[in-house]
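Numbering (this note's numbering), first residue to last: 1432 to 1742. All remarks here apply to the structure that follows.
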């Protein structure tokens, strides 16, 4: 399993001289093909229609995953929260989980559209207690959305490894490589058991869109991102994350001057410490993270407190 798209640039040197053409590493069973559905797809609460008065007051966790991924990234945590009386809505980013051509041609705004649509639909249906739980790029997309849209029912935002500062600086030069047409795509590698969870091919056109998004949100945070003061934010970041520089977590916290924000640094090797692991130590970290998120969701805080935890 990758650390999210762990292999963003592992294949850079090997693929740099490859001419344009079909991606040679794709397997028949990969998500990249149109006939292969994602292992875990969207499950939208809005499609169930108007809630009962009781359900309208229950907390709804809207999950949104990261770049090149699927709702698999948040599936286990959402299942755990549902078992604890939370409602759930599982969003899949636009142009994800489809044929790779859709991903290749989409903009980051296309990725964002299903998230905005679901939040507005839940608001219109009358759900009054909403939470967004994001991983990686999902958090970046949510921050941009909040910079220009207001969701009065949104109470809490939990971000796991929001990407503002990429760990690998090669992402900054991909726009130049894209124009050369020498390297149309790079390889995302993962274990066979996770086929159908991430794309095998990472088109440079998509990485360019990710670069544009992170630059935009980074600029917004530097100027100060004014979100509704009642919105409470929890950021979880692994110390040894090879996808997102841990400075991202502090850049987000420092840019949200009007909100209660907690930043927890985790002694984990993984980009997403919320996924099950065979390593007992990492599994213990995951269990602690689940419990900490639950505690955060059940506690009300007063803005604009700051807490930087080293766990």
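All residues carry an ideal CB built from backbone N, CA and C; glycine is no exception.
- DSSP places residue 1632 in the uninterrupted beta strand (DSSP E) bounded by 1632-1634.
- DSSP lists 1591 as the beta-bridge partner residues of residue 1566.
- The C-alpha of residue 1579 lies about 11 Å from the C-alpha of residue 1547.
- Taking the Cα positions, residue 1682 is about 20 Å away from residue 1661.
- A direct Cα-Cα distance of roughly 34 Å separates residue 1476 from residue 1670.
- Leaving aside the five residues that flank residue 1567 on each side, the residues in its chain whose CB is nearer than 6 Å to its CB run, in chain order, 1435, 1497, 1592 and 1594.
- The continuous alpha helix (DSSP H) containing residue 1506 extends over residues 1503-1513.
- The C-beta separation of residue 1693 from residue 1665 comes to about 5 Å, placing the pair in contact by the 8 Å criterion.
- Taking 8 Å as the cut-off, the Cβ atoms of residue 1533 and residue 1526 count as close.
- Counting along the chain, no alpha helix (DSSP H) covers residue 1694; the unbroken beta strand (DSSP E) around it starts and ends at 1691-1697.
- Counting only the Cα atoms, residue 1461 lies some 10 Å from residue 1470.
- Here DSSP, grouped into helix, strand and coil, assigns residue 1583 to coil.
- Per DSSP, the beta bridge partners of residue 1561 are 1491 and 1585.
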